[in-house]
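In case it helps, the working numbering puts the sequence shown at residues 6 to 672.
Okay, structure first, notes after.
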Amino acid sequence: MKKNLQLCWILTILLMLSVQAMGMEPEAFLFLAPDAPKRTPKLLRRLTQSDPNKPTSVWLFFTDKGITDHAEYEKACRAWEKRTSARILKRRAKMPPHKMGADFRDLPVLQNYVKAVEACGLKVRTISRWFNGVSVRATAKQIAGVESLPFVRSIEPVARFRRSDPKKLQKEPSKKALKPAGMQHRLDYGPSYSQLAMIDVPALHDAGWNGAGVRICLLDSGFGPMDHEAFQKIHIVGQRDFVDGDGDVSGHPHGTQVLSVIGGYKEGALIGPAYGADYLLARTEDVASETPVEEDYWIAGVEWADSMGADIVSSSLGYNTWDVGAGEDYTYADLDGNTARITIAADWAVERGITVINAVGNEGNDPWHYALFPADGDSVIAVGAVNPDGTLAAFSSRGPTADGRIKPDVAAPGVDIRTADNAPNLYTLSKGTSYAAPLTAGVAALLLQAHPAWGPMDVREALRRSGDHALNPDNKMGWGVINAEAAMNAEHTLYGRVVDAESGQPISRATIAISSGVFEDSTTTGASGRFLFNGVPDGTYTITLSAPRYSFVRLKDVSIPNDLTGCEVKLHEAIDVGDLVYNYPNPFGTEGTCLSFPMKECETVCVRIFTPSGALVWETEHREENDRWNVLWRGRNLAGNRVGPGIYFYVIEGEGMMLRGKMSLVR
6 MKKNLQLCWI LTILLMLSVQ AMGMEPEAFL FLAPDAPKRT PKLLRRLTQS DPNKPTSVWL
66 FFTDKGITDH AEYEKACRAW EKRTSARILK RRAKMPPHKM GADFRDLPVL QNYVKAVEAC
126 GLKVRTISRW FNGVSVRATA KQIAGVESLP FVRSIEPVAR FRRSDPKKLQ KEPSKKALKP
186 AGMQHRLDYG PSYSQLAMID VPALHDAGWN GAGVRICLLD SGFGPMDHEA FQKIHIVGQR
246 DFVDGDGDVS GHPHGTQVLS VIGGYKEGAL IGPAYGADYL LARTEDVASE TPVEEDYWIA
306 GVEWADSMGA DIVSSSLGYN TWDVGAGEDY TYADLDGNTA RITIAADWAV ERGITVINAV
366 GNEGNDPWHY ALFPADGDSV IAVGAVNPDG TLAAFSSRGP TADGRIKPDV AAPGVDIRTA
426 DNAPNLYTLS KGTSYAAPLT AGVAALLLQA HPAWGPMDVR EALRRSGDHA LNPDNKMGWG
486 VINAEAAMNA EHTLYGRVVD AESGQPISRA TIAISSGVFE DSTTTGASGR FLFNGVPDGT
546 YTITLSAPRY SFVRLKDVSI PNDLTGCEVK LHEAIDVGDL VYNYPNPFGT EGTCLSFPMK
606 ECETVCVRIF TPSGALVWET EHREENDRWN VLWRGRNLAG NRVGPGIYFY VIEGEGMMLR
666 GKMSLVR
């Protein structure tokens with residue numbers, strides 16, 4: 006050990022001398038000073054509660070990547086882009102606003118730092134470009150040794166998980182099945198029909214979509230054997246075992262079942278939604294371990310998926326609570342989308358154009374109850390599970406996140422799911438959000454095949470809009486059970502939310518009217534303030550939004566197909582501003598009265614006259630280009646007849662403003 010530390014220090018001194026020889030200080034974003042202290046409180050707790058002679062998994066995060074100025078950084082980024090495949094660059098180019106190329110996270114970890122750590126007698130488990138560090142197994146004494154290395158910025162424990170699945174359902178020995186009566190589809194789905202029909206996948210298969218050209222990476226506990234009849238046509242383009250550090254991904258059958266659900270193909274027995282896609286298989290869970298899920302393997306897997314050109318990452322490990330008794334258990338407060346390393350990594354993958362789909366978890370009946378990491382990520386599509394009748398599966402984890410966001414995002418079938426079994430021609434029934442996630446990922450592959458310009462947030466928005474709870478999302482099923490065909494046509498929907506401009510609270514009973522001159526439709530909002538128009542024809546639309554007690558808003562030149570950004574419209578509560586409006590003469594007689602009022606930056610205003618009981622007497626739309634408008638009312642109703650004497654109320658509405666007052670008519 007002493008010789009290892011001496012060698013470690015020799016390498017470190019040489020490294021520091023080489024940096025000093027460059028004669029420059031690194032820019033701020035290229036160098037992060039070491040923390041003080043370097044050991045995090047969670048690491049200290051773990052070391053206090055465990056045997057000091059027993060190695061534990063820790064992260065060593067580094068200060069820099071050996072780049073000292075911006076010019077060198079730009080050169081390194083351009084070099085990365087030159088050696089990176091066109092597939093990856095094309096995927097990243099979809100990400101607004103900067104059409105992401107390379108950044109600091111893509112650049113490799115400085116190998117001399119890795120060698121210096123190994124010279125201290127530690128075996129490196131994983132290397133993370135994104136976090137600029139390595140994970141190792143180390144005793145308390147070894148941690149003290151590497152802590153003194155000047156390029157080590159901080160040391161924290163590798164988070165450890167346990168996984169629990171709902172009780173497995175009965176075996177299904179027979180593979181023979183008939184196409185459901187009365188259903189005419191191009192493929193014979195056999196007993197797998199029900200799990201696809203619930204989310205309307207057969208309609209897209211009938212249209213020719215099968216995920217071809219889309220690359221999906223599955224992160225799971227192992228895959229194999231691959232001699233099952235449902236895998237004879239599957240296209241595996243890469244595989245990696247991050248636990249054992251080799252290319253053999255065989256292991257626990259959980260991953261095999263997941264793969265069969267999303268990509269299996271055996272007519273009359275089992276067909277997955279994305280049976281034509283390309284697959285990357287990553288083993289990131291060690292089922293033989295007491296703590297089978299350690300976050301460094303998952304992070305290594307998602308970074309590998311990025312480097313292999315994955316379009317979708319689907320994770321069905323169903324992470325449970327952090328390792329109980331290890332001293333670093335996370336609390337509900339940490340379920341904020343910004344704390345767990347795997348959650349941060351998942352969101353970074355989305356930044357790189359990868360659609361990340363994760364099981365929300367199977368903790369609905371357990372004390373934890375809530376969504377699991379990394380399903381709490383704000384860019385991660387978290388998937389809950391439903392029963393065959395579309396109701397919530399009791400075991401499916403709930404939201405909200407600690408910062409109040411709705412989770413899950415969507416739901417899919419997760420009970421009585423037909424999957425491949427161990428024998429080459431046998432199948433079984435399973436349940437869990439572990440199977441709802443790959444069904445959703447399969448639909449995402451169909452969407453990307455049909456809409457190759459869509460990015461991850463477009464996919465999420467399309468899936469959300471397709472859900473059967475889209476108008477009233479909640480923390481049980483999110484936006485609801487997805488519908489593949491509706492999601493495919495999401496660009497022909499108008500979806501949004503109406504809220505109070507001051508409080509941000511949703512406005513119910515708001516009226517939304519859309520018109521293109523050819524097509525017109527209208528709807529009202531419910532308690533959530535959301536509205537949704539489906540099947541809107543191509544065209545340019547004007548959207549008018551109004552609600553009792555609020556000024557109306559008019560949105561112009563809204564195009565269909567649209568870009569799936571959605572909208573949140575803020576309405577301002579109307580206030581009485583009679584001193585800004587005057588009518589002359591008042592009282593008035595047969596000659597009528599002129600309403601004069603200020604209304605800036607409006608092209609059109611609507612003037613309505615009401616009786617004290619609220620009955621509409623007269624209305625007009627008026628156009629004027631002055632800052633002060635003048636509208637004449639001759640004391641007649643909409644039929645052109647004179648109205649009787651008395652008190653009348655006027656309401657003047659422009660975009661974002663309402664004026665109200667009263668006047669007297671005498672005869």
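Note that CB positions come from ideal geometry on N, CA and C, so glycine has one too.
Note that this is a predicted model, so its numbers are computed, not measured.
Query	Result
Go through the segment 530-604 residue by residue and report every complete run of the alpha helix (DSSP H) that reaches 4 residues or more, in order.	none
Quickly, what does DSSP pair residue 667 with across the bridge? List them, please.	654
Tell me the rounded alpha-carbon separation between residue 599 and residue 552.	27 Å
Going by C-alpha to C-alpha distance, which of 51, 68 and 319 sits closest to residue 34?	68
If I measure Cβ to Cβ from residue 240 and keep anything under 7 Å in the same chain, skipping five residues before and after, which residues do I get?	283 and 284
Does the segment 260-278 come close enough to the segment 191-208 to have 3 or more Cβ pairs within less than 8 Å?	yes
Assuming residue 566 and residue 496 form a contact by the criterion Cβ under 8 Å, report the distance between their Cβ atoms to the nearest whole angstrom.	4 Å
Would you mind stating whether residue 569 and residue 463 have Cβ atoms separated by less than 8 Å?	yes
Excluding five sequence neighbours on each side, which residues of the same chain lie with their C-beta closer than 7 Å to the C-beta of residue 28?	Reliability fails at residue 28, whose pLDDT of 40 lies under 50, so the model's placement of it is uncertain and the value that follows must be treated cautiously. Cβ within range, chain order: n/a, list empty.
Which residue comes first and which comes last in the beta strand (DSSP E) that contains residue 461?	Unbroken run through residue 461 is the alpha helix (DSSP H), 461-471; no beta strand (DSSP E).
If you check the beta carbons only, do residue 255 and residue 236 fall under 8 Å apart?	no
From what residue to what residue does the beta strand (DSSP E) around residue 678 run?	Missing from the structure shown is residue 678; the chain here goes from 6 to 672 and no further.
Residue 505 to residue 512, Cα distance in whole Å?	6 Å
At what residues does the alpha helix (DSSP H) containing residue 451 begin and finish?	438-455
Counting along the chain, where does the beta strand (DSSP E) carrying residue 225 start and finish?	220-225
Would you please state the rounded distance, in angstroms, between the beta carbons of residue 591 and residue 622? I believe it to be under 8 Å.	About 16 Å; that fails the 8 Å criterion.
Based on the DSSP secondary-structure assignment, which residues constitute the bridge partners of residue 505?	576
When you compare each of 250, 460, 159 and 56 to residue 129 by their alpha carbons, which one comes out closest?	250
Mapping the DSSP letters down to three states, classify residue 659 as helix, strand or coil.	strand
Report the partner residues of residue 61 according to the DSSP bridge assignment.	143
Can you have a look at residue 4 and say buried or exposed, based on whether 16 or more other CB atoms are within 10 angstroms of its CB?	Not covered by the structure: residue 4. The range shown for the chain is 6 to 672.
Looking at the structure shown, is residue 335 part of a helix, part of a strand, or coil, going by DSSP?	coil
Check whether the segment 464-484 and the segment 382-390 touch, using three or more Cβ-Cβ pairs below 8 Å as the test.	yes
Can you tell which of 537, 155 and 394 has its C-alpha closest to the C-alpha of residue 477?	537
Identify every residue that forms a DSSP beta bridge with residue 635.	601
Assuming residue 114 and residue 151 are in contact, meaning their beta carbons sit under 8 Å apart, how far apart are those beta carbons, in whole angstroms?	Actually they are not in contact, since the Cβ atoms of residue 114 and residue 151 sit about 15 Å apart, beyond 8 Å.
In its own chain, which residues sit with a C-beta less than 6 Å from the C-beta of residue 500, not counting the 5 before and 5 after it?	470, 537 and 571
Take residue 473 and list the residues in its own chain whose beta-carbon comes closer than 8 Å to its own, dropping the five residues that flank it on each side.	395, 485, 486 and 488
Could one say the Cβ of residue 122 lies closer than 8 Å to chain C's Cβ atoms, at least one of them?	This model lacks chain C altogether, as it is built from one protein chain only.
Nearest to residue 155 by CA position, among 597, 47, 66 and 433, is which residue?	66
If you drop the 5 nearest sequence neighbours on each side, which residues of the same chain put their C-beta closer than 7 Å to that of residue 454?	214, 216, 217, 218 and 219
Per DSSP, residue 363 is paired with what?	320 and 387
Are the CB atoms of residue 564 and residue 547 within a distance shorter than 8 Å?	no
Could you have a look at residue 77 and say whether DSSP puts it in helix, strand or coil?	helix
Counting C-beta neighbours from all protein chains within 10 Å, is the total for residue 596 16 or more, i.e. buried, or is it exposed?	exposed
Quick one: grab the DSSP three-state call for residue 474.	coil
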